[in-house]
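The structure appears right after this line, and notes come after that.
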Amino acid sequence: MTVESGALYVVATPIGNLEDISARALRVLREVDCIAAEDTRHTGQLLRHFGIETPLLSLHEHNERDRLEHIVARLREGKTLALVSDAGTPLISDPGFPLVRELRRQGLPVIPVPGPSSILAALSVAGLPTDRFVFEGFLPAKTAARCERLRTLAADERTLAFLEASHRIAETLMDMAAVFGGERPAVVARELTKRFEEVQGAPLGQLTAWLKADPNRSKGEFVVLVQGAIAANEADTPENRRLLLALLSELPLSRAVVVAVKLTGLRKKPLYDLALLLGEKQESD
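Below, the structure is given as structure tokens:
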């Protein structure tokens, strides 16, 4: 299988461990006519490691829009290009969005070559809910703006995923504990796939203390995951409502709740509160 003429390949590269690059990514990087890279020096080291001699073209946040016309012209000539960032999947807090948007607008092929992602790597080992999550990227650098952003997320029930720099990680964890509450479960993933990789889970208040306990823990690149807010009543689902209504039609409220706890595995308090609400509604109907 060879690369498609006139296409841009969006290629994920390792976030640390070079063994994580895929065989397909290596083949594409060898076969394309040119590689658009966020930092040509950084990507050059990667290519040399694998013996790849494909020419490089710089494409970063300061020149991306100026490069659009040149890249479009090359693709229309039938040339094939790859887009890479310094690490991980391009466009995820990295350059490339204006280029991909313009190519799709013009009907030119854009082909993903999936691979490493620090966000997905952290989520896969965090032990936090992953059925629903939201990626928030980097928070604002200033404390006031950062806390304001966090306040807008405080009631979000999805797992929250952030990137953070080493010189701000301590302040960010303190602000998160202040806004979300020190008991909110969270995970700090540091230097993923690299020699000093660490994944530490604890309530936010404890994570702040954990970070301060060892100066080395503030070094490197960070992903911070925070469990979403608990719903007002975690038991209030259509299925549990139907179950409780059926039980309440046959049993006293306290006995109905005991049976519901055994059947659902949920805590007694939210089921009791829901049963009270349903009982009151039945009386008013």
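At position 254 of the sequence shown the residue is numbered 253 (numbering that gives the first Met the number 0), and the sequence of numbers has no breaks.
Note that the Cβ used here is the ideal one computed from N, Cα and C, for glycine as well.
Predicted model only: the values in this text are computed from it and were never measured.
Beyond the five residues adjoining it in sequence on each side, Val198 comes within less than 6 angstroms, by CB distance, of Val124 and Ala188 in the same chain, given in chain order.
Setting aside the 5 residues that flank it on each side, Ala6 is surrounded in the same chain by Thr79, Pro108 and Ile110, each with a C-beta closer than 6 angstroms to its C-beta; the list follows chain order. Judged by their CB atoms, Ala185 and Met173 are not nearer to each other than the 8 angstroms cut-off. Between Val133 and Leu159, the C-beta spacing is below 8 angstroms.
At a Cβ-Cβ threshold of 8 angstroms, Leu28 and Ile51 count as neighbours.
With fewer than 16 other CB atoms across the displayed protein chains lying within 10 angstroms of its CB, Leu262 is exposed. For Gly200, the three-state secondary structure derived from DSSP is strand. Assignment of alpha helix (DSSP H) within the region 130-205, counting only whole runs of 4 or more residues, yields 142-152 and 168-179 in chain order. Per the DSSP secondary-structure output, Ala36 pairs in a beta bridge with Ser57 and Val83. Looking at the backbone, the Cα of Glu101 and that of Leu242 are separated by about 52 angstroms.
By alpha-carbon distance to Arg64, the top candidate from Thr192, Gly95, Ala72 and Thr129 is Gly95. Beta-bridge partners assigned by DSSP to Ile110: Tyr8.
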